[in-house]
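In this note's numbering, the protein residues as written are 134 to 273.
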């Protein structure tokens, strides 16, 4: 298990437990736009899926994963410049998507983001790990 400044799992792409996975998941969602897109897409997918069940509409149920994952995946490639955590840990990532939404709406997500940013020694202007890596490579 990797421990960075007391935050287990921040740099661990292969955590042993979901609780170790959570800081890694947060580290892959550092840009505010990525988090906003994830929260919006996950929320829209839940509404779409629920409406599909309530109105007995299988197309809405089938559309829910596309609505949830399409924008979220795009945000990883276009904004965060990484690959979705769900590629390596689909079940934990699915669970973490909902934890991220819950923490966002209860105002507790930013504390986790700041803890991970501190553990990674990111400067305020470095909104993603990709930006931090570019700066590091330019300095080398």
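All C-beta atoms in this analysis are idealised placements derived from N, C-alpha and C, irrespective of residue type, glycine included.
Item to check | Beta-carbon proximity list for residue 231, same chain, < 6 Å, skipping 5 on both sides | outcome: none
Checklist entry - Cα-Cα, which of 192, 214, 201 and 241 is closest to residue 227? => result 201
Next on the checklist: Suppose the cutoff is 6 Å on Cβ atoms and the five residues either side in sequence are ignored; what does the same chain contact list for residue 263 look like?
Outcome noted: 214
Checklist entry - Would you report the Cα separation of residue 203 and residue 194, rounded to the nearest angstrom? => result 15 Å
Checklist entry - Quick one: Cα of residue 185 to Cα of residue 266, how far? => result 43 Å
Next on the checklist: Can you list, in chain order, the residues of its chain with a C-beta nearer than 6 Å to that of residue 175? Leave out the 5 residues immediately preceding and following it.
Outcome noted: 201, 230 and 234
Checklist entry - Could you give the residue range of the alpha helix (DSSP H) that holds residue 255? => result Residue 255 -> no alpha helix (DSSP H), and no H or E assigned at all.
Next on the checklist: My output table needs one value for residue 242: the three-state DSSP class, helix, strand or coil.
Outcome noted: helix
Item to check | residue 163 beta carbon less than 9 Å from that of residue 275 | outcome: A query on residue 275 cannot be resolved here, the shown segment of the chain reaching from 134 to 273 and no further.
Checklist entry - Would you report the Cα separation of residue 209 and residue 160, rounded to the nearest angstrom? => result 12 Å
Next on the checklist: Against chain B, does residue 177 count as a neighbour if the rule is that its beta carbon must be under 9 Å from one of theirs?
Outcome noted: Note that chain B does not occur in the displayed structure, where there is just one protein chain.
Checklist entry - Who are the Cβ neighbours of residue 178 in its own chain at under 6 Å, not counting the five residues just before and after it? => result 197, 200 and 201
Item to check | Where residue 171 falls: helix, strand or coil (DSSP) | outcome: helix
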